[in-house]
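With numbering that gives the first Met the number 0 as the guide, the letters of the sequence shown map in order to residues 0 to 414. Positions of the beta carbon are idealized from the N, C-alpha and C atoms, including for glycine.
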Amino acid sequence: MPRPLRVIAASFALLLVTACNSASSGGSTPSSVRGVTADTIKVGGIVSMTTASGYSKKDTDLGARARYDRANAEGGINGRKIEYLGAEDDGQDPARNLAAARKLVQQDKVFAVSPMSSVTFAGADFLDAQKVPTVGWGTLPSFCGPAHLYGFNGCLVPTPGGTLNQTWPEGLAAVLGGSRGKSVALIAGDNDAGKYGIRTFTQGFKAAGFQVAYAKAVVPATSMPSDWSAYTKEILRSGPGGAAPDAVVSVMQTPYNIGLFTALKRSGYKGVISDPTDYDPGLLAKDATKQALDGVHVLLQFQPFESDSPAMRQFKEDIRKAAGGKDVPLNMHMMTGYMSADLFLSVAAKAGKDLTVESFQQAASGFSDTGTLVGDRALPKGQKESFGCGALVRLKNGRYEVAVPFTCYPPIPFG
Numbered sequence: 000m001p002r003p004l005r006v007i008a009a010s011f012a013l014l015l016v017t018a019c020n021s022a023s024s025g026g027s028t029p030s031s032v033r034g035v036t037a038d039t040i041k042v043g044g045i046v047s048m049t050t051a052s053g054y055s056k057k058d059t060d061l062g063a064r065a066r067y068d069r070a071n072a073e074g075g076i077n078g079r080k081i082e083y084l085g086a087e088d089d090g091q092d093p094a095r096n097l098a099a100a101r102k103l104v105q106q107d108k109v110f111a112v113s114p115m116s117s118v119t120f121a122g123a124d125f126l127d128a129q130k131v132p133t134v135g136w137g138t139l140p141s142f143c144g145p146a147h148l149y150g151f152n153g154c155l156v157p158t159p160g161g162t163l164n165q166t167w168p169e170g171l172a173a174v175l176g177g178s179r180g181k182s183v184a185l186i187a188g189d190n191d192a193g194k195y196g197i198r199t200f201t202q203g204f205k206a207a208g209f210q211v212a213y214a215k216a217v218v219p220a221t222s223m224p225s226d227w228s229a230y231t232k233e234i235l236r237s238g239p240g241g242a243a244p245d246a247v248v249s250v251m252q253t254p255y256n257i258g259l260f261t262a263l264k265r266s267g268y269k270g271v272i273s274d275p276t277d278y279d280p281g282l283l284a285k286d287a288t289k290q291a292l293d294g295v296h297v298l299l300q301f302q303p304f305e306s307d308s309p310a311m312r313q314f315k316e317d318i319r320k321a322a323g324g325k326d327v328p329l330n331m332h333m334m335t336g337y338m339s340a341d342l343f344l345s346v347a348a349k350a351g352k353d354l355t356v357e358s359f360q361q362a363a364s365g366f367s368d369t370g371t372l373v374g375d376r377a378l379p380k381g382q383k384e385s386f387g388c389g390a391l392v393r394l395k396n397g398r399y400e401v402a403v404p405f406t407c408y409p410p411i412p413f414g
């Protein structure tokens with residue numbers, strides 16, 4: 000065959016192959032958007048699966064998978080299935096957090112990162128600069144302002160000009176029969192999350208009418224104390240007239256809380272003890288842990304598992320399926336992953352069939368819904384303030400019970 004005819008024949012064959020490929024995919028062509036194809040959306044996560052203290056958020060991954068699995072079973076998002084790669088373990092280390100973010104974007108080519116749950120978020124600037132929609136637990140300032148980062152229950156650590164969620168102060172005021180004349184001691188780890196926590200909760204408790212007798216982020220974040228006496232002595236003398244405060248509030252993780260609470264009880268402390276992390280039936284397997292946490296009021300920023308709403312029943316069903324049909328103990332990390340995934344899916348669905356970062360951002364700019372497991376949601380409002388809802392549960396006789404029902408409180412200005 001003469002060369003010109005061979006070129007024409009080869010070109011014609013290439014056109015036929017292209018046409019066949021287009022026809023076999025329903026007329027769709029591969030997307031040029033990172034992580035998006037004609038029928039999939041690639042998503043990854045970053046979670047502190049392992050830590051030096053033994054604390055783990057690994058069930059965050061299970062919660063996210065449960066929600067993505069249901070979305071796929073229901074047909075996906077505008078015809079696309081979620082290709083969830085699972086969560087990268089940052090070991091609660093800033094360098095590994097950034098490395099995980101780089102891997103997910105540069106190597107795995109994900110469209111979004113959801114969930115992101117850690118006490119460090121060194122990868123925040125990178126993800127925002129790369130225009131990667133990222134959803135996680137908004138306990139760090141990085142979730143409060145950057146265009147592409149979203150807290151599943153809003154911004155919990157706002158910058159000046161934002162607002163504060165008052166669930167914890169108002170809930171403890173209800174437990175104590177009011178805040179007038181009541182004092183509170185706040186203690187946290189010496190890390191970014193701890194320092195911001197002390198700053199924000201100090202303002203929140205004062206605004207609710209409490210006297211903040213002690214507020215320090217002083218506990219070593221990388222090595223758990225073997226002797227808590229230095230901390231407990233200072234706390235127990237911090238109240239009015241050198242007396243013990245009416246409440247001790249810990250902004251720390253479970254292993255630290257167990258050590259601190261055990262020391263407080265051994266010192267004879269009879270006041271209210273509270274933290275935001277120890278809502279986990281799995282913690283009750285050990286007698287020492289059960290005793291340390293008995294009577295502790297735990298802050299929740301979602302509906303308690305003890306509630307019987309349609310949304311909670313759906314959550315439990317989804318978790319059971321993701322766990323291979325087994326009834327596994329529920330914990331707040333599952334909820335973190337589940338609701339991170341849920342917010343991403345809800346915004347992506349609104350973005351429509353033509354999913355791009357730009358269409359996702361446009362959808363987020365006017366997004367709102369009601370009656371979710373974290374209350375009413377709204378964006379971009381949630382990038383400056385929390386969704387304002389929560390509850391307190393109390394461990395009593397080896398079981399959690401609702402101490403203050405799930406309620407939405409008006410936020411206060413943060414300055």
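Pick from S141, F151, L148 that is closest to P157, judged by C-alpha positions:
Ranked by Cα distance from P157, the first of S141, F151, L148 is S141.
Boundaries (first-last residue) of the alpha helix (DSSP H) holding T355:
Taken as a continuous stretch (DSSP letters only), T355 belongs to no alpha helix (DSSP H), as it is neither H nor E.
Use the C-beta contact count for E357: other C-beta atoms within 10 angstroms, 16 or more gives buried, fewer gives exposed.
Per the 10 Å Cβ criterion, exposed.
Give the DSSP bridge partners of M251, in chain order.
According to the DSSP secondary-structure assignment, M251 is paired through a beta bridge with no residue.
Proximal residues to A123 (C-beta, below 7 Å), its chain only, five neighbours per side dropped:
Same-chain partners within the cutoff: S141, P145, L148.
What whole-angstrom Cβ distance do Y213 and I234 have, given they're in contact under 8 Å?
The pair is a contact, with the Cβ atoms about 6 Å apart (cut-off 8 Å).
Within the same chain, show all residues whose beta-carbon is closer than 6 Å to that of Y399, passing over the 5 residues directly before and after it, in chain order.
Excluding sequence neighbours, Y399 sits near V392.
How would you label T288, buried or exposed, when you count the other beta carbons within 10 angstroms and need 16 or more for buried?
Label assigned to T288: buried.
I'd like the span of the alpha helix (DSSP H) that includes D58, first residue to last.
First-last of the alpha helix (DSSP H) with D58: 58-72.
Does DSSP put G53 in a helix, in a strand, or in coil?
Residue state, collapsed to three classes: coil.
Residues near V271 by beta carbon distance below 8 Å, same chain, minus five either side:
Taken in chain order, the residues that qualify are L171, V174, L175, D245, A246, V247, H296.
What is the DSSP secondary structure of K320, counted as helix, strand or coil?
Three-state DSSP puts K320 in a helix.
Quick check on the burial criterion: 16 or more other C-beta atoms within 10 angstroms. Buried or exposed for S228?
Classified as exposed, S228 has fewer than 16 neighbouring CB atoms from the shown chains inside 10 Å of its CB.
Straight-line Cα distance separating P275 from D88
Approximately 22 Å between the Cα atoms of the pair.
Output needed for S21: all residues of its chain with C-beta closer than 6 Å, excluding positions within five of it in sequence on either side, in chain order.
Summary for S21: the model assigns pLDDT 35, below 50, so the residue's position carries little reliability, and this model does not support an answer.
Got a sec? Which residues, its chain only, sit under 6 Å from F209 by beta carbon, not counting five neighbours each side?
Within the same chain, F209 has close Cβ partners S178, K181, V183.
Buried or exposed: P239, going by 16 or more other Cβ atoms within 10 Å of its Cβ?
Its Cβ having fewer than 16 others within 10 Å, P239 is exposed.
With C-beta atoms as the reference, is D368 less than 8 Å away from R66?
Not in contact: D368 and R66 (Cβ atoms no closer than 8 Å).
Give every residue of the same chain whose Cβ lies closer than 7 Å to the Cβ of P412, excluding the five residues on either side of it in the sequence, and list them in chain order.
Cβ neighbours of P412 within its own chain (closer than 7 Å, five residues either side excluded): T162.
Top-ranked residue by Cα proximity to V112, from T59, T166, V403, P379:
The shortest C-alpha separation from V112 is found at T59.
Can the beta-carbon of L372 be found closer than 8 Å to that of A310?
Closer than 8 Å, so yes.
Among Q91, T36, N152, which has the Cα closest to the Cα of G387?
The candidate whose alpha carbon is nearest that of G387 is N152.
Starting from the C-beta of S116, find all residues in its chain whose C-beta is less than 6 Å away, skip the five residues before and the five after it, and write them out in chain order.
Same-chain partners within the cutoff: V46, K56, T59, G135, W136, T335.
When the Cα atoms are used, what is the spatial distance from S306 to H332?
Using only the alpha carbons, I get a separation of about 17 Å.
Using only alpha-carbon positions, find the residue among N190, A402, G203 that is nearest to Q252.
Of N190, A402, G203, the residue nearest in Cα terms is N190.
Do T201 and V211 have their beta-carbon atoms positioned less than 8 Å apart in this structure?
For V211 and T201, yes; Cβs fall inside 8 Å.
If you measure between the beta carbons of R64 and A321, is that distance less than 8 Å?
Contact check for R64 against A321 passes: the beta carbons are separated by less than 8 Å.
Quick check for students: name the residue ranges of the alpha helix (DSSP H) that lie wholly in the stretch 218-253, counting only runs of 4 or more.
If we require 4 residues or more, the alpha helix (DSSP H) runs fully inside the stretch 218-253 come out as 228-235.
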